[in-house]
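J.: Below is one structure. I have some questions about it.
2 protein chains.
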Amino acid sequence: MSRFVECVPNVSEGRRGDVIDRLADAIRAVEGVRLLDRTSDVDHNRSVFTYAGEPEAVLGATHALVDLALREIDMRAHKGEHPRLGAVDVIPFVPLSGVTMDECVALAHRFGHELAKRHDIPVYFYANAAAQPERVRLPDIRQPQYEGLAALLETTHVPDAGPRRLHPTGGAIVVGARPFLIAFNIELDSSDLKLAQRIAREIRESSGGLPAVQAKGFMLTDPPRAQVSMNLLDFTTTSLARVWREVESRANAAGVNLLRGELIGLIPLDAVLAVAADALRLDGFTRDRVIETHFLE
Amino acid sequence: MSRFVECVPNVSEGRRGDVIDRLADAIRAVEGVRLLDRTSDVDHNRSVFTYAGEPEAVLGATHALVDLALREIDMRAHKGEHPRLGAVDVIPFVPLSGVTMDECVALAHRFGHELAKRHDIPVYFYANAAAQPERVRLPDIRQPQYEGLAALLETTHVPDAGPRRLHPTGGAIVVGARPFLIAFNIELDSSDLKLAQRIAREIRESSGGLPAVQAKGFMLTDPPRAQVSMNLLDFTTTSLARVWREVESRANAAGVNLLRGELIGLIPLDAVLAVAADALRLDGFTRDRVIETHFLE
Numbered sequence: 000m001s002r003f004v005e006c007v008p009n010v011s012e013g014r015r016g017d018v019i020d021r022l023a024d025a026i027r028a029v030e031g032v033r034l035l036d037r038t039s040d041v042d043h044n045r046s047v048f049t050y051a052g053e054p055e056a057v058l059g060a061t062h063a064l065v066d067l068a069l070r071e072i073d074m075r076a077h078k079g080e081h082p083r084l085g086a087v088d089v090i091p092f093v094p095l096s097g098v099t100m101d102e103c104v105a106l107a108h109r110f111g112h113e114l115a116k117r118h119d120i121p122v123y124f125y126a127n128a129a130a131q132p133e134r135v136r137l138p139d140i141r142q143p144q145y146e147g148l149a150a151l152l153e154t155t156h157v158p159d160a161g162p163r164r165l166h167p168t169g170g171a172i173v174v175g176a177r178p179f180l181i182a183f184n185i186e187l188d189s190s191d192l193k194l195a196q197r198i199a200r201e202i203r204e205s206s207g208g209l210p211a212v213q214a215k216g217f218m219l220t221d222p223p224r225a226q227v228s229m230n231l232l233d234f235t236t237t238s239l240a241r242v243w244r245e246v247e248s249r250a251n252a253a254g255v256n257l258l259r260g261e262l263i264g265l266i267p268l269d270a271v272l273a274v275a276a277d278a279l280r281l282d283g284f285t286r287d288r289v290i291e292t293h294f295l296e
Numbered sequence: 000m001s002r003f004v005e006c007v008p009n010v011s012e013g014r015r016g017d018v019i020d021r022l023a024d025a026i027r028a029v030e031g032v033r034l035l036d037r038t039s040d041v042d043h044n045r046s047v048f049t050y051a052g053e054p055e056a057v058l059g060a061t062h063a064l065v066d067l068a069l070r071e072i073d074m075r076a077h078k079g080e081h082p083r084l085g086a087v088d089v090i091p092f093v094p095l096s097g098v099t100m101d102e103c104v105a106l107a108h109r110f111g112h113e114l115a116k117r118h119d120i121p122v123y124f125y126a127n128a129a130a131q132p133e134r135v136r137l138p139d140i141r142q143p144q145y146e147g148l149a150a151l152l153e154t155t156h157v158p159d160a161g162p163r164r165l166h167p168t169g170g171a172i173v174v175g176a177r178p179f180l181i182a183f184n185i186e187l188d189s190s191d192l193k194l195a196q197r198i199a200r201e202i203r204e205s206s207g208g209l210p211a212v213q214a215k216g217f218m219l220t221d222p223p224r225a226q227v228s229m230n231l232l233d234f235t236t237t238s239l240a241r242v243w244r245e246v247e248s249r250a251n252a253a254g255v256n257l258l259r260g261e262l263i264g265l266i267p268l269d270a271v272l273a274v275a276a277d278a279l280r281l282d283g284f285t286r287d288r289v290i291e292t293h294f295l296e
């Protein structure tokens, strides 16, 4: 059974289709790596690539991506609405299975030091890989943006690796490790936006609810329906089944049923297994119990 | 994404460890095939091999298994408690994913005709691959056993493929296709055996309950607890989530909670996805939404 890491680099190019295609090709060319998703935004002038594989293969693909991005993207000419520090703005490594968060942190540190040396570029570590508490949150690191970073490299923004000067065309790169994020929405059989907002407030961590849960109440139109929209920042801490139950009990107490759940994007097998184990109260329901996992590369 | 078929041959050898090991090795030697389980019973003098892979690879492994079993096992000297017709008693093909039941039936027919020709052995088709209604049930075909079969080959047991005479040492082979069987038990938080028996009776197909469900009530000891023990003969007809709910509502009506579920052996990914989709009320939750499936061979 394999060990899987996901990587989700954000690159400061969302307009030149040929360049974006070649960046995607550079990832796909690495054996054992699967490009799972790519999205580009013209206004943000930014692309996000999502791929996964064994740790070493993912590192190889990420080096290939950065090599090409630094050749193709000139930050001196870059315009876009999204905050960014460099041509390759941020590179998070995400443990999927068979890999611990500590291993992903070590992977991020090793990769960041390799990047700094290979391209003579400043590197910052963020999220679980942060070397300083004020660098955990990405917006805090990215606040000066590319244009303002040069002036801060000797003061608030001394790099965690690499030189105290911007890469002339590439700027700087933020590298880190974070848990897999599951975006999960629950639609209520009701148009009571206030109910969705109250449930969201009660279950989110920021107001004393469930750990590693962000939540907001929204209104869907046509037909009008209230929705609780959530990010599960760590499904091993608070599971999909748990948030479903917490939303359901609160909605039911207000006389409202849940209509449906909606998972955005791809999710790791372990998150699915946890839902099944919860629903059927199975002990020790691990991935090797699923036939197809015996055919993983 | 791959197409997966499972095969579960029952071989009339459960005592000679070296022979059983070599039968297992013959399966494993075929590229793309995974041996998922093997169990041998000395009293039954019988072994069951469970393996899976792409249809063509599984056919290759099954030919290799039969070739070796017919060389090694002499039915004229075989003794064992379990009914059987031959050295390789029964070979069911089971669709796992990306393969329809009709394709598995065609696979069984093709394989049976190949066997008949390759070994000059009588072959019967059973279950979904049965060519005659009285050959759907395995016990009906197997009733005369190896010892009584020779006398019936011109009358009730004219083979579906191959000669009307027994293979001198190998007897005959039954080949078929059937849905994946999930063995699933639910433990009640109660020692009320009569309740478990009543629930089993209400939910099983044979007494007008859920289609493709077999169920019995049992008593577990130490601590004493009532259990509803089930076979789901086709989880796409009646799902794990459905039987859980049906058992739960009946137990709850009697003031009893469910303690836990227990899945026996391995199960297909699609059965797990269906449980998760049911629990979170997800529409169109298909396997490509699970990251790891993009790494299937």
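Chains X and F, in that order, give the protein sequences.
According to numbering that gives the first Met the number 0, the first sequence is numbered sequentially starting from 0.
According to numbering that gives the first Met the number 0, the second sequence is numbered sequentially starting from 0.
Every residue, glycine too, gets a C-beta built ideally from N, C-alpha and C.
Just so it is clear, the structure is predicted and the values come from calculations on it, not from any experiment.
Taking beta-carbon pairs under 9 Å, can you tell me which members of the segment 10-25 of chain F lie near chain X?
T.: Within the segment 10-25 of chain F, no residue qualifies.
J.: Please report how far the alpha carbon of F/ALA182 lies from the alpha carbon of F/LEU231, in whole angstroms.
T.: Between F/ALA182 and F/LEU231, the C-alpha separation is close to 6 Å.
J.: Using the C-alpha atoms, what's the distance from F/TYR50 back to X/ILE172?
T.: Each residue's alpha carbon lies about 48 Å from the other.
J.: Given this structure, state the Cα-to-Cα distance separating F/ARG163 from F/VAL89, to the nearest angstrom.
T.: Their backbone Cα atoms lie some 18 Å apart in a straight line.
J.: For X/VAL41, would you say it is in contact with chain F, using Cβ-to-Cβ distances shorter than 8 Å as the test?
T.: X/VAL41 does not count as touching chain F.
J.: Got a sec: is the Cβ-Cβ distance from F/GLY161 to anything in chain X below 8 Å?
T.: Answer no: the Cβ-Cβ gap between F/GLY161 and chain X never drops below 8 Å.
J.: Of all the CB atoms in chain F, is at least one closer than 8 Å to the CB of X/SER298?
T.: Lying outside 0 to 296, the shown extent of chain X, residue 298 of chain X is not represented and no answer is given.
J.: Going along chain X in order, which residues have a C-beta closer than 8 Å to the C-beta of F/PRO267?
T.: Neighbours of F/PRO267 on chain X, chain order: VAL289, ILE290 and GLU291.
J.: Please go through the same chain and pick out, in chain order, the residues whose beta-carbon is closer than 8 Å to the beta-carbon of X/LEU192, but skip the five residues on each side of it.
T.: So the list reads GLY216, PHE217, MET218 and ALA225, once near-sequence residues are dropped.
J.: Could you tell me whether any Cβ in chain F is nearer than 8 Å to the Cβ of X/PHE92?
T.: Judged by the 8 Å Cβ criterion, X/PHE92 is not in contact with chain F.
J.: Expressed to the nearest angstrom, what Euclidean distance is found between the alpha-carbon atoms of F/PRO82 and F/ARG109?
T.: Looking at the two C-alpha atoms, the distance is approximately 25 Å.
J.: Figure out for me which residue from F/LEU148, F/ARG45 and F/LEU262 has the closest Cα to the Cα of F/SER238.
T.: For F/SER238, the nearest C-alpha among the options comes from F/LEU262.
J.: Let me check one thing: in DSSP terms, what residues is X/CYS103 bridge-paired to?
T.: Partner(s): none; X/CYS103 has no beta bridge.
J.: Starting from the beta carbon of F/ARG117, find every residue of chain X whose beta carbon is closer than 7 Å, and list them in chain order.
T.: Per Cβ cutoff of 7 Å: no residues; F/ARG117 is ~28 Å from chain X at best.
J.: Can you tell me the Cα-Cα spacing of F/ASP188 and F/GLY260, whole angstroms?
T.: Rounded to the nearest angstrom, the two C-alpha atoms are 12 Å apart.
J.: What three-state label does DSSP hand F/PRO91 in the structure shown?
T.: In this structure, F/PRO91 counts as strand in the three-state DSSP scheme.
J.: Taking only beta-carbon positions, decide if X/SER96 is within less than 8 Å of chain F.
T.: So yes, X/SER96 belongs to the interface.
J.: Kindly indicate which three-state DSSP category F/GLU5 falls into: helix, strand or coil?
T.: Reduced to three states, the DSSP call for F/GLU5 is strand.
J.: Which chain F residues are close to X/PHE384, counting only those with a beta carbon under 7 Å from its beta carbon?
T.: Lying outside 0 to 296, the shown extent of chain X, residue 384 of chain X is not represented and no answer is given.
J.: From F/PHE48 to F/GLU12, what distance separates their C-alpha atoms?
T.: The alpha-carbon atoms of F/PHE48 and F/GLU12 are separated by roughly 11 Å.
J.: Would you check if the segment 18-37 of chain F and the segment 64-78 of chain F touch, i.e. whether three or more CB-CB distances between them fall below 8 Å?
T.: The answer is yes - the segment 18-37 of chain F touches the segment 64-78 of chain F, with three or more Cβ pairs under 8 Å.
J.: Going by CA-CA distance only, name the one from X/PRO178, X/GLN196, X/SER205 and X/ILE202 that's closest to X/SER96.
T.: Among X/PRO178, X/GLN196, X/SER205 and X/ILE202, the Cα nearest to that of X/SER96 belongs to X/PRO178.
J.: Would F/PHE234 count as contacting chain X if we go by Cβ distances under 8 Å?
T.: It does not; no Cβ of chain X falls within 8 Å.
J.: What residue range is occupied by the uninterrupted alpha helix (DSSP H) comprising X/GLU261?
T.: No alpha helix (DSSP H) holds X/GLU261; the beta strand (DSSP E) holding it covers 257-263.
J.: For the segment 272-285 of chain F and the segment 235-251 of chain F, state whether three or more C-beta atom pairs, one from each stretch, are separated by less than 8 Å.
T.: Result yes; three or more Cβ-Cβ pairs closer than 8 Å.
J.: According to DSSP, F/MET229 sits in a beta bridge with which residue or residues?
T.: Answer is F/PHE183 and F/ALA214, bridged to F/MET229.
J.: Of all the CB atoms in chain X, is at least one closer than 8 Å to the CB of F/GLU201?
T.: For F/GLU201, the answer is no, since every Cβ of chain X falls outside 8 Å of its Cβ.
J.: Measure the C-alpha to C-alpha separation of X/ALA252 and F/HIS293 and round it to an integer number of angstroms.
T.: Approximately 41 Å, taken between the alpha carbons.
J.: Under the assumption that X/LEU298 contacts X/GLU186 (Cβ atoms under 8 Å), give the Cβ distance between them as a whole number of angstroms.
T.: Beyond the ends of chain X as shown, which are 0 and 296, falls residue 298 of chain X; an answer cannot be given.
J.: For F/LEU64 and F/VAL174, I'd like the C-alpha separation in whole angstroms.
T.: Cα to Cα, F/LEU64 sits roughly 14 Å from F/VAL174.
J.: Starting from X/GLY260, find everything on chain F with Cβ-Cβ shorter than 7 Å and list it in chain order.
T.: Correct list: LEU279, ARG280 and LEU281.
J.: When we look at the beta-carbon of F/PRO121 and count the other beta-carbons within 10 Å, is it buried (16 or more) or exposed?
T.: With 16 or more Cβ atoms within 10 Å of its Cβ, F/PRO121 is classed as buried.
J.: Do you know offhand how far F/ASP66's Cα is from F/GLU153's?
T.: So the two alpha carbons sit approximately 26 Å from each other.
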